[in-house]
Every structure is written in C-alpha cells, then in structure tokens.
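Here the sequence shown is numbered in my numbering, starting from 1 and rising by one per residue. Every residue gets a Cβ at the ideal spot worked out from N, C-alpha and C, and that includes glycine. All remarks here apply to the structure that follows.
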Amino acid sequence: MTPPTFPAPQQGEPFVLTDAAGRTFLSSAPVPAPLPIQAQTVQPYPCGHAPAPVSRPQGISPAAMLAVGAVGALVVGTVLVALLLSIAVVAASVATCALAITVCAVVLRSMASQPAPRGRYRRR
Numbered sequence: 001m002t003p004p005t006f007p008a009p010q011q012g013e014p015f016v017l018t019d020a021a022g023r024t025f026l027s028s029a030p031v032p033a034p035l036p037i038q039a040q041t042v043q044p045y046p047c048g049h050a051p052a053p054v055s056r057p058q059g060i061s062p063a064a065m066l067a068v069g070a071v072g073a074l075v076v077g078t079v080l081v082a083l084l085l086s087i088a089v090v091a092a093s094v095a096t097c098a099l100a101i102t103v104c105a106v107v108l109r110s111m112a113s114q115p116a117p118r119g120r121y122r123r124r
C-alpha cells in the first residue's frame, strides 16, 4: 500500500477570520479566487419571434383559499360535534346506571324492611 501524498502548502496573503464571539484569527490560507462567470448564449429562433417567458405558479388563488377555509371549518365543526355527542352519550349512560342502582337499592331496602312476608307464600 502506498502512503498518501498531500499537496504542498500554498502561501497566500493572510486574512482575518472572526468567529461568533467576536474573536479574530489570522489565517494563512490562500484567498479563494472568484468563480468565472460564463455568459449564456441565446439561440435565436428560426421563425424570428422571442421565446415565451417561463410561467411560474403565483400561489393559491382567492377562490382556492376560500375553499380550503370552508373545508377546514367543516372538518373542525364535525370533530367538535362528534366530541359533544360522545360526551352526551357517556353522561346519559352514567345517569342510567345511577338510576338503575338507585332503584335496586330502594327495592332491596323495602324488601329488607318488611317484618313478615306477604302474599301467597306467607307463613300461617
């Protein structure tokens, strides 16, 4: 395996680097050369008219924004109505259970408070 060859250090004019804390450092790295700007040549059209400009999307139209807002309002309204209905169903079921427990307690208390059995199966 051959050892790597590193490029020879280049001497350049020192320039100053400043970090975010405001400290300055002197660098001996060569100043990067600006990139050459290449001119683009425009090919003329054989029929003589200019090329059509490139069309860019201009964003969302007001009608589309209104439609998105309406759909969003419908979705939020649907979610809120579903939430309120679920709360109402839970409250009704809890009230029904409480009523059933209360009725059972009243019936059991009235049965336990009777001194003697009545009706068909009473003792003689």
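For residue 27, the uninterrupted beta strand (DSSP E) segment begins and ends at 24–27. Per DSSP, residue 101 is one residue of the alpha helix (DSSP H) stretching across 62–113. Judged by beta-carbon spacing, residue 35 lies beyond the 7 Å limit of residue 25, meaning their Cβ atoms are not closer than that value. Per DSSP, the beta-bridge partners of residue 17 are 25.
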